[in-house]
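Visitor:
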Amino acid sequence: MSITKLCDYCGKPAIYTDSSLVYGKSYGMIYYCPDCHAWVGVHRGTDKPLGRLADAELRDWKKKAHDAFDPLWRTGRMKRNTAYAWLAQKLGIEVKQAHIGMFDAAQCMQVIQICQQERSYH
Ligand SMILES: [Zn+2]
Numbered sequence: 207m208s209i210t211k212l213c214d215y216c217g218k219p220a221i222y223t224d225s226s227l228v229y230g231k232s233y234g235m236i237y238y239c240p241d242c243h244a245w246v247g248v249h250r251g252t253d254k255p256l257g258r259l260a261d262a263e264l265r266d267w268k269k270k271a272h273d274a275f276d277p278l279w280r281t282g283r284m285k286r287n288t289a290y291a292w293l294a295q296k297l298g299i300e301v302k303q304a305h306i307g308m309f310d311a312a313q314c315m316q317v318i319q320i321c322q323q324e325r326s327y328h
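Here my numbering is used: the first residue of the sequence shown is 207, the next is one more, and so on.
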């Protein structure tokens with residue numbers, strides 16, 4: 207029995223389906239809204255969505271946010287946990303909410319800005 211996940215754009219219930227629908231290859235299950243062509247993956251082994259449904263524009267923002275943020279810890283400048291704690295503090299949110307997968311476009315833009323500032327100081 208899957209849970210009901212409402213589309214974050216139109217508010218209609220999203221379809222719980224295999225990700226091969228959107229990727230052409232199965233990477234697990236997703237919640238998918240056919241009206242908005244928006245989707246989100248689930249936590250491995252569960253039907254719990256990873257965050258909000260993302261349309262093409264939001265997916266693009268999330269990718270850019272990751273591109274800006276990930277080097278902070280990938281390069282070893284910060285530990286991964288430290289980097290997320292730092293990001294949460296900068297955004298004024300709790301650490302447990304600091305997941306780019308859960309961010310909307312506005313928060314992704316903030317992440318990009320914060321990381322660009324951080325880089326220009328060092
Ligand atoms: Zn929708």
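Beta carbons are placed, not taken as given, at the ideal position from N, Cα and C, and that holds for glycine.
Given the structure is predicted, the values throughout are model-derived calculations rather than measurements.
According to DSSP, Met315 sits in a beta bridge with which residue or residues?
Guide: DSSP, once it has assigned bridges, lists no residue as partnering Met315.
Visitor: Sorry if obvious, but does the Cβ on Tyr215 come closer than 6 Å to a heavy atom of ligand 1?
Guide: Yes, Cβ of Tyr215 sits closer than 6 Å to a heavy atom of ligand 1.
Visitor: Counting pairs of Cβ atoms below 8 Å between the segment 266-286 and the segment 217-232, do you hit three or more?
Guide: Not touching, per the Cβ criterion.
Visitor: Pop quiz: Asp253 and Tyr290 are said to be a contact at Cβ under 8 Å. What is the actual Cβ separation, rounded to whole angstroms?
Guide: So it is not a contact: roughly 25 Å between Cβ atoms.
Visitor: How big is the Cα-Cα spacing for Leu264 and Asp310?
Guide: Using only the alpha carbons, I get a separation of about 7 Å.
Visitor: With distances taken between CB atoms, is the gap from Gly307 to Gly257 smaller than 7 Å?
Guide: Yes, the pair counts as a contact, with Cβ atoms nearer than the cut-off.
Visitor: Go to Val248, then tell me how far its alpha helix (DSSP H) extends in each direction, as first and last residue.
Guide: Per DSSP, Val248 belongs to no alpha helix (DSSP H) and is neither H nor E.
Visitor: Could you tell me whether any non-hydrogen atom of ligand 1 is closer than 6 Å to the CB of Cys321?
Guide: No, the beta carbon of Cys321 sits no closer than 6 Å to any heavy atom of ligand 1.
Visitor: Would DSSP call Ala289 helix, strand or coil?
Guide: Looking at Ala289 - three-state DSSP - the assignment turns out to be helix.
Visitor: Please return the same chain residues whose Cβ sits closer than 7 Å to the Cβ of Thr210, not counting the five positions on each side in sequence.
Guide: Once the five neighbours on either side are set aside, the close Cβ partners of Thr210 are Pro219.
Visitor: Helix, strand or coil for Cys216 per DSSP?
Guide: Coil at Cys216, not helix or strand.
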